[in-house]
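In full-length UniProt numbering, the protein residues as written are 1 to 343.
A virtual CB, placed ideally from N, CA and C, is assigned to each residue, including glycine.
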């Protein structure tokens with residue numbers, strides 16, 4: 001069995017897959033990855049099922065030692081990954097040798113990054129998912145974030161490692177993360193609880209991400225959204241991306257670890273195709289909302305699925321014929337350069 005060892009855990013490093021569905025009726029959150037697009041593409045790059053568990057990293061990445069050869073892919077926010085002190089690209093499958101060490105410099109863009117391992121992460125499946133729910137100490141590795149000294153087992157790859165390396169996502173498919181975020185929403189289900197002025201304020205004003213943003217939800221600061229008569233309702237279900245407006249009139253976007261039900265009015269729901277933008281937002285980032293119809297949201301989702309199919313077809317493994325390494329010195333600076341011949 002292949003293994004990796006955690007030499008430094010980073011800020012918040014969790015085992016996550018697509019989520020724990022079918023248990024909200026018992027009060028168990030779905031959890032799962034925050035950025036599902038990055039998660040799925042990372043798994044495609046290393047030859048896994050799209051729902052396979054990965055490591056989700058937030059802002060500060062871990063330091064990992066590989067005890068066996070492996071192929072990995074890193075997607076999502078750019079934490080500037082390095083292997084043995086040499087930079088490696090993101091959105092590409094990389095061959096890792098036994099004894100190699102992976103670490104990260106700092107968050108260049110976005111907020112969350114994902115590592116997929118060829119063969120997946122071999123942890124116990126709890127309620128049909130490997131995802132970590134920290135508050136309930138459920139799933140993942142002992143139901144908690146990774147810490148120094150942890151050892152994770154890595155499953156057996158479906159393909160030969162040399163056939164998996166060299167897969168690259170074409171740049172046109174790679175999302176760009178900025179400090180100003182445009183998010184599309186569908187109004188409801190309690191939009192009648194807001195005045196016409198309140199809805200207009202919500203759709204025309206920028207809202208800043210506060211320090212109270214985590215896997216459960218993002219609290220925003222900005223213009224007060226006016227209710228007809230208060231923000232409380234009889235508790236009902238909360239969907240991923242639901243935008244609650246409590247009595248104080250400021251939005252809260254509900255995310256992966258959201259509770260199953262809640263008693264605040266919901267003015268709208270972020271469309272699924274735009275949730276990755278929220279997942280990659282940091283405190284201080286500005287969010288603007290625009291309304292679209294359910295039909296438009298469905299069409300956008302179809303386009304995203306078509307994009308993922310195109311990525312599968314285009315980022316096929318290249319066969320690497322030979323590899324040469326050179327030591328170059330330019331303007332007094334030394335560089336290690338690797339040249340691969342492919343066909």
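Annotated as proximal: residue 33 and residue 56, with beta-carbon spacing under 9 Å.
Taking all protein chains shown into account, residue 105 has fewer than 16 neighbouring C-beta atoms within 10 Å of its C-beta and is therefore exposed. The region 267-277 and the region 185-196 touch, with no fewer than 3 CB-CB distances between them shorter than 8 Å. In the three-state reduction of the DSSP assignment, residue 11 falls in the coil class, being assigned neither a helical nor a strand state. Non-local beta-carbon contacts of residue 146 in its own chain, meaning distances under 6 Å to residues more than five positions away in sequence, involve 6, 9 and 13 in chain order.
Residue 28 holds the alpha-carbon nearest to the alpha-carbon of residue 261 among 195, 28, 163 and 279. The Cβ atoms of residue 248 and residue 231 sit closer than 9 Å to each other.
Burial is judged here by how many other beta carbons sit within 10 angstroms of a residue's own beta carbon; residue 81 has at least 16 and is buried.
At the C-beta level, residue 173 and residue 310 come within 9 Å of one another.
When Cβ pairs closer than 8 Å are counted between the two stretches, the region 57-64 is seen to touch the region 104-123, the count reaching three or more.
By the Cβ test, the region 38-51 is not in contact with the region 135-153, since fewer than three Cβ pairs between them sit closer than 8 Å. Rounded to whole angstroms, the Cβ separation of residue 220 and residue 251 is 5 Å, and the two are in contact under 8 Å. In this structure, the straight-line span from the alpha carbon of residue 47 to that of residue 135 is close to 32 Å. The Cβ neighbour count for residue 52, taken over all protein chains shown within 10 Å, is at least 16; the residue is labelled buried. Excluding the 5 residues flanking it on each side, residue 304 has same chain C-beta neighbours closer than 6 Å at 273, in chain order.
For residue 209 and residue 77, the gap between their C-alpha atoms comes out near 17 Å. Between residue 168 and residue 199, the C-beta gap is not smaller than 9 Å, which leaves the two residues out of contact.
Secondary structure note for residue 291: its beta strand (DSSP E) is the uninterrupted segment 286-291. Residue 233 has its alpha-carbon roughly 24 Å from the corresponding atom of residue 214.
Excluding residues up to 5 positions away in sequence, 335 and 337 lie with their Cβ nearer than 6 Å to the Cβ of residue 328 in the same chain. For the options 126, 241, 196 and 258, the alpha carbon positioned closest to that of residue 216 is the one of 258. The C-beta distance from residue 71 to residue 88 rounds to 12 Å, too long to fall under 8 Å, and the pair is not in contact. Sequence-distant partners of residue 227 (beyond 5 residues in either direction) whose C-beta falls short of 8 Å from its own C-beta, in its chain, are 193, 194, 195, 198, 245, 247, 249 and 265. Assigned with DSSP and collapsed to three states, residue 82 falls in strand.
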